[in-house]
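In my numbering, the protein residues as written are 17 to 238.
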């Protein structure tokens with residue numbers, strides 16, 4: 017399976033994502049710089065975490081306006097899977113590929129720890145390897161992960177089962193409304209999430225719960 021990782025100045029989790037995808041798929045992903053206007057034919061496009069453009073203006077705001085975003089948008093419209101993790105989630109929201117926004121953590125502090133997630137929708141391409149209601153472990157590392165959307169948008173997300181992951185059992189680290197940790201677009205091929213599944217894919221990480229997301233999305237038996 018072919019994958020591509022989008023690179024922006026200030027991202028610092030692209031190497032983690034490269035390592036995870038190489039270990040899971042057996043192949044190195046393409047590395048795509050932000051100025052590219054066309055993307056290779058791949059099965060999944062990933063925007064990793066970090067601090068693109070130093071989080072100036074708003075997290076992901078500058079990155080979301082770079083040339084590569086239009087290329088991602090065109091691929092997404094054709095059904096190619098897109099995954100945005102942490103800052104990647106922020107970029108997808110700023111680009112309008114997902115709905116809502118991510119604000120400063122309720123504690124006003126940077127949070128870096130393991131959290132528990134509940135699988136709220138196990139029928140997406142990304143989450144079909146999990147069971148509905150399953151509690152999984154995953155690390156977070158962010159300062160602006162407090163998901164918010166207006167009532168109309170929240171109702172639409174909930175009614176359409178677009179919430180894929182929630183912070184479980186009062187383990188919400190950032191104050192996200194409805195405990196939302198990850199959402200998907202209506203078409204079911206663009207997923208954004210704050211936790212880092214790429215950092216929980218082998219026993220050396222302390223757990224493998226994140227691996228299932230990648231093997232599910234890429235149709236890999238592992």
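Ideal placement from N, C-alpha and C gives every residue a C-beta, glycine not left out.
> beta strand (DSSP E) containing residue 162: first to last residue?
Replying inline: As a working mapping, residue 162 is identified with position 146 in the chain shown. For residue 162, the enclosing beta strand (DSSP E) stretches over residues 162-164.
> Who pairs with residue 23 in a beta bridge, going by DSSP?
Replying inline: For this step, residue 23 is matched to residue 7 along the chain shown. Answer is 49, bridged to residue 23.
> Which residues share a DSSP beta bridge with residue 76?
Replying inline: As a working note, residue 76 is residue 60 in the chain shown. Under DSSP, no beta-bridge partner is assigned to residue 76.
> What are the partner residues of residue 157, as DSSP defines its beta bridges?
Replying inline: Counted from its first residue, the chain shown places residue 157 at position 141. 128, per the DSSP bridge assignment.
> Straight-line CA distance for residue 97 to residue 205?
Replying inline: On the chain shown, residue 97 is found 81 positions in, with the first residue counted as 1. On the chain shown, residue 205 is found 189 positions in, with the first residue counted as 1. Straight-line Cα distance between these residues: approximately 5 Å.
> Can we say the segment 110-125 touches the segment 222-230, given the rule of at least three CB pairs closer than 8 Å?
Replying inline: Touching, no.
> Should residue 75 be labelled buried (16 or more other beta-carbon atoms within 10 Å of its own) or exposed?
Replying inline: Position 59 of the chain shown, counting from 1, holds the residue named residue 75. So residue 75 ends up on the buried side.
> Secondary structure at residue 196, three-state DSSP: helix, strand or coil?
Replying inline: Mapped onto the chain shown, residue 196 falls at position 180. In the three-state DSSP reduction, residue 196 falls in the strand class (E or B).
> Taking the C-alpha atoms as reference points, what is the distance between residue 43 and residue 152?
Replying inline: The residue given as residue 43 occupies position 27 in the chain shown. The residue given as residue 152 occupies position 136 in the chain shown. Here the alpha carbon of residue 43 sits roughly 26 Å from the alpha carbon of residue 152.
> Measuring CA to CA, which of 105, 191, 92, 36 is closest to residue 218?
Replying inline: Indexing the chain shown from 1 puts residue 218 at position 202. Looking at the Cα atoms, 36 is the closest of the given residues.
> When the Cα atoms are used, what is the spatial distance from residue 24 to residue 48?
Replying inline: Taking the chain shown and counting its residues from 1, the one referred to as residue 24 is at position 8. Taking the chain shown and counting its residues from 1, the one referred to as residue 48 is at position 32. Approximately 9 Å between the Cα atoms of the pair.
> Is residue 108 near the ligand FMN, judged by its Cβ being under 8 Å from some heavy atom?
Replying inline: No copy of the ligand FMN appears in this structure; indeed no ligand is present at all.
> Should the segment 91-108 be called in touch with the segment 124-132, which here means at least 3 C-beta pairs below 8 Å?
Replying inline: The segment 91-108 makes no contact with the segment 124-132; the number of CB pairs closer than 8 Å stays below 3.
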